[in-house]
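Participant: Take this structure first; my questions come after.
Number of protein chains: 2
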Amino acid sequence: MAGGSREPGRSVTSKVLALLGAFDAAHPRLTLTELARRSGVPLSTAHRLVGELERWQALSRGPDGRLRVGLRLWELGQLAPNRLREFGHPWLQELFASTGENVHLAVRDGLEVLYVDKVYGRRAVPIVSRIGARLPMHPTGVGKALLAYEPEWFVTSYLARKLERPTPHTIIEPGRLARELAAVRAQGYALTYEEMTLGSCSAAAPVLAGGRAVAALGIVVSSRRARELPRLVEPLLTAAAGIAAAYVSPPASGYGP
Amino acid sequence: MAGGSREPGRSVTSKVLALLGAFDAAHPRLTLTELARRSGVPLSTAHRLVGELERWQALSRGPDGRLRVGLRLWELGQLAPNRLREFGHPWLQELFASTGENVHLAVRDGLEVLYVDKVYGRRAVPIVSRIGARLPMHPTGVGKALLAYEPEWFVTSYLARKLERPTPHTIIEPGRLARELAAVRAQGYALTYEEMTLGSCSAAAPVLAGGRAVAALGIVVSSRRARELPRLVEPLLTAAAGIAAAYVSPPASGYGP
DNA sequence: GACGGCGCTTCCACTGAGTGGAAGGATGGG
DNA sequence: CCCATCCTTCCACTCAGTGGAAGCGCCGTC
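The listed protein sequences derive, respectively, from chains A and B. Residue numbering for the first sequence follows UniProt numbering, starting at 1 and increasing by one per position. Residue numbering for the second sequence follows UniProt numbering, starting at 1 and increasing by one per position.
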């Protein structure tokens with residue numbers, strides 16, 4: 001037959017979602033053909049669906065004619081509940097103001113950390129660990145801070161997998177990582193040295209609410225200045241505690257205009 | 001027939017988008033029934049589609065069982081191109097740091113202003129003019145700053161409509177508004193006094209790139225302190241110029257870690 | 001404890017909306 | 001001019017999607 005032979009019959013919805021899902025941090029703009037290939041949707045079908053998505057501004061075309069996530073989708077995303085950002089952001093600002101370093105807030109999603117907020121200065125490179133980016137847990141400060149407070153079974157299964165090694169400094173030996181996590185629990189914060197990116201190191205503290213780490217607050221400095229990290233731990237812990245307090249009890253403080 | 005009688009035959013995609021579009025700032029969480037009603041999608045169809053959306057975490061269920069925009073959609077939204085936020089945010093921080101007032105960045109979308117970024121202190125009420133929110137142009141500072149630099153025909157057609165009046169102070173007379181806009185162009189910034197919300201007033205400056213206002217930077221203070229606004233104009237203009245410079249020429253400054 | 005309202009879930013026979021391979025354009029580089 | 005790449009359109013076929021209705025579970029009320 002002409003056309004009609006769609007073998008397994010994926011639902012339209014799943015195709016739409018596959019198209020959207022084809023966009024990620026590494027591929028934020030795609031041609032129609034790339035999009036179709038990445039999502040596994042036949043080109044002609046992709047063409048039609050993308051047309052509808054474009055009309056709704058879920059996708060839009062850049063000056064180069066490539067497709068990108070549209071304004072409407074960004075707007076919709078802002079409706080996602082995010083009390084952490086809402087109440088945490090001022091603390092990130094304060095931490096940034098008092099230290100002058102890049103600071104960020106992350107949560108765990110699946111086996112990865114998801115960066116939900118970030119504050120950086122004008123000189124910082126705003127590309128690494130973008131808001132919305134995902135990274136593995138074991139090489140990042142925030143990841144270790146989060147992992148340390150996960151239940152036993154979760155940590156065990158996390159460590160049981162083959163762990164990525166983005167730099168030679170990354171710790172991937174299960175035993176050594178488990179000892180690291182114990183140390184994080186003991187001291188209340190995590191430190192990394194070039195475990196994710198050569199040239200930078202970090203400190204991170206969990207945001208503890210009801211015994212669980214609902215997020216982690218991290219601070220990243222150039223590894224040349226790694227010796228300054230200890231000095232940053234105290235404000236880091238203060239801010240993390242502040243976020244936790246704001247998170248558990250609603251607005252709390254003044255509603256002044 | 002049983003069921004099969006879908007009269008006009010809306011495409012599945014349009015139904016999915018209608019479902020997503022049913023969420024807005026005023027209705028961020030909905031029951032399935034509300035969602036179906038608001039989107040015009042039959043309940044049973046909504047049920048099935050929402051199921052697929054939930055499985056993908058495009059939607060998720062809050063503790064109350066209501067549907068909300070999911071993490072995946074937020075994440076996707078972060079991929080939307082947003083150079084303004086990227087390069088502008090540090091300037092918002094600086095403006096906040098030097099003034100201690102709520103500051104925000106907005107763009108025009110259609111006939112409304114869309115707030116793309118915001119910096120506020122710990123004491124501020126983080127609800128009003130949320131990031132991702134939309135407001136009409138004429139009662140807001142950023143709206144006037146943007147409108148003033150739109151082409152003649154656009155302003156004319158904007159003023160030709162019946163304008164909303166959120167407060168008694170809102171200026172809705174076309175002639176008076178046109179004069180206001182001329183003043184904005186002449187002095188390079190806009191002022192409002194309780195035109196959108198009783199109790200607050202604002203100053204706003206356009207972010208000019210290539211003769212067009214690509215965004216507007218606004219600062220909001222309690223109307224009790226309206227007399228302090230003039231003092232805030234200079235840092236406001238500096239920051240707006242800074243954003244414009246960062247916007248037109250890419251990273252520009254140091255890539256130091 | 002029966003009743004009624006409300007919201008969610010499941011069922012099912014019918015059919016037209018969606019399908020996708022193929023052909024046709026439109027560019028652009030060699 | 002030819003070939004490669006990407007985008008758009010076409011169209012006969014058919015099964016995925018449809019939506020009204022019935023059933024379920026939960027409350028609060030009488």
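Each residue gets a CB set at the ideal place from its N, CA and C atoms; glycine is no exception. Predicted, not measured: the structure shown is a model, and the values here were computed from it.
According to the neighbour-count rule (16 or more other Cβ atoms, all chains shown, within 10 Å of its Cβ), is A:L35 buried or exposed?
Facilitator: With 16 or more Cβ atoms within 10 Å of its Cβ, A:L35 is classed as buried.
Participant: Going along the chain, which residues of its own chain have a beta-carbon closer than 8 Å to the beta-carbon of A:S5, five neighbours each way excluded?
Facilitator: Because the pLDDT of A:S5 is 43, which lies under 50, any placement of that residue in the model is unreliable, and the question is left without a value.
Participant: If we call anything under 8 Å between Cβ atoms a contact, is B:A215 one with B:L84?
Facilitator: Closer than 8 Å, so yes.
Participant: For B:G199, is the classification buried or exposed, using 16 other Cβ atoms within 10 angstroms of its Cβ as the cut-off for buried?
Facilitator: When all chains shown are included, B:G199 counts as exposed.
Participant: What's the gap between the Cα of A:T33 and the Cα of A:A241?
Facilitator: Going from the Cα of A:T33 to the Cα of A:A241 covers about 48 Å.
Participant: Going by the beta-carbon positions, is the gap between B:L105 and B:L217 smaller than 8 Å?
Facilitator: In this structure, B:L217 lies closer than 8 Å to B:L105 by Cβ.
Participant: Can you grab the Cα-Cα spacing for the pair B:K15 / A:G210, in whole Å?
Facilitator: One C-alpha to the other measures close to 40 Å.
Participant: Determine the extent of the alpha helix (DSSP H) in which B:E173 is found, giving its start and end residues.
Facilitator: Element bounds for B:E173: n/a, residue is neither H nor E.
Participant: Apart from the five residues just before and just after A:L163, which ones in its own chain have a Cβ nearer than 6 Å to its Cβ?
Facilitator: Once the five neighbours on either side are set aside, the close Cβ partners of A:L163 are H138, I172.
Participant: Looking only at C-alpha atoms, which of B:S11, B:S44, B:V50 sits nearest to B:A22?
Facilitator: Residue B:V50 is the option with its Cα nearest to B:A22.
Participant: Touching or not, the stretch 39 to 56 of chain B and the stretch 80 to 98 of chain A, by the rule of three or more beta carbon pairs under 8 Å?
Facilitator: Judged by Cβ distances under 8 Å, the stretch 39 to 56 of chain B makes no contact with the stretch 80 to 98 of chain A, as fewer than three pairs qualify.
Participant: Go to A:V119, then tell me how far its beta strand (DSSP E) extends in each direction, as first and last residue.
Facilitator: Residues 112 to 119.
Participant: Can a CB atom of chain B be found closer than 8 Å to the CB of A:P257?
Facilitator: Any answer about A:P257 is weak, because its pLDDT of 25 lies below 50 and its placement is not dependable; what the coordinates show is given next. By this cut-off, A:P257 is an interface position.
Participant: From the DSSP output, read off the bridge partner residues of B:S60.
Facilitator: Paired residue(s): B:R68.
Participant: If contact is defined by three or more beta carbon pairs under 8 Å, each pair taking one atom from either stretch, is the stretch 65 to 78 of chain B in contact with the stretch 60 to 79 of chain A?
Facilitator: Touching, yes, given that three or more Cβ pairs across the two stretches are closer than 8 Å.
Participant: Over what stretch of residues does the alpha helix (DSSP H) that includes B:H27 continue unbroken?
Facilitator: Unbroken run through B:H27: none, as it is neither H nor E.
Participant: Would A:V207 pass as a contact of A:A244 if the rule is Cβ separation under 8 Å?
Facilitator: Yes, these two residues count as a Cβ contact at 8 Å.
Participant: Considering A:G88, what are the terminal residues of the alpha helix (DSSP H) in which it resides?
Facilitator: A:G88 -> alpha helix (DSSP H) spans 83 to 99.
Participant: Looking at the strands, I want to know which residues DSSP matches up with A:R108.
Facilitator: The partner list for A:R108 (beta bridge, DSSP) reads A:V113.
Participant: For A:S202, count neighbouring Cβ atoms within 10 angstroms of its own Cβ and tell me buried if that reaches 16, exposed if not.
Facilitator: Buried: at least 16 other Cβ atoms inside 10 Å.
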